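Once you know that position 60 of the sequence shown is 60 in the numbering used here, the rest is easy, because the numbers rise by one and skip nothing. Written out below as structure tokens is the structure these notes cover.
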Amino acid sequence: MYYPTGTVGVEPDADGVPTYEIRTGAAWDYISFTPDVEATTHSCSAVCFGSLAQRSEQSRATIGKFLDANPDD
1 MYYPTGTVGV EPDADGVPTY EIRTGAAWDY ISFTPDVEAT THSCSAVCFG SLAQRSEQSR
61 ATIGKFLDAN PDD
């Protein structure tokens with residue numbers, strides 16, 4: 001299944017100060033731990049991720065599984 005790229009709504013107030021809304025239902029909310037993803041764990045020398053990728057339970061669990069599967073060096 002494919003999900004849309006993430007989007008952010010920006011709404012300036014009367015003084016021009018923006019408010020941001022990071023919309024849900026984007027691809028980063030549905031990261032899956034597939035066999036292809038698991039296969040990459042042994043070739044990584046570093047793993048980087050941010051809080052946005054962890055906002056959904058599915059993506060957060062996938063990141064956790066990826067880290068658990070990554071061998072300690």
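From the three backbone atoms N, C-alpha and C, an ideal C-beta is built for every residue, glycine too. Computed from a predicted model, the values in this text were never measured in an experiment.
Under the DSSP definition of a beta bridge, Y2 lacks any partner. Counting the other CB atoms within 10 Å of its CB gives I22 a total below 16, which places it among the exposed residues. Taking a contact as a CB-CB distance under 8 Å, the pair L67 and V47 counts as one, their CB atoms being some 6 Å apart. The closest CA to that of T7, considering only D29, V17, D15 and M1, is found on D29. Excluding its 5 nearest sequence neighbours in each direction, Q58 has C-beta neighbours in its own chain below 8 Å: D29, Y30, I31 and S32, listed in chain order.
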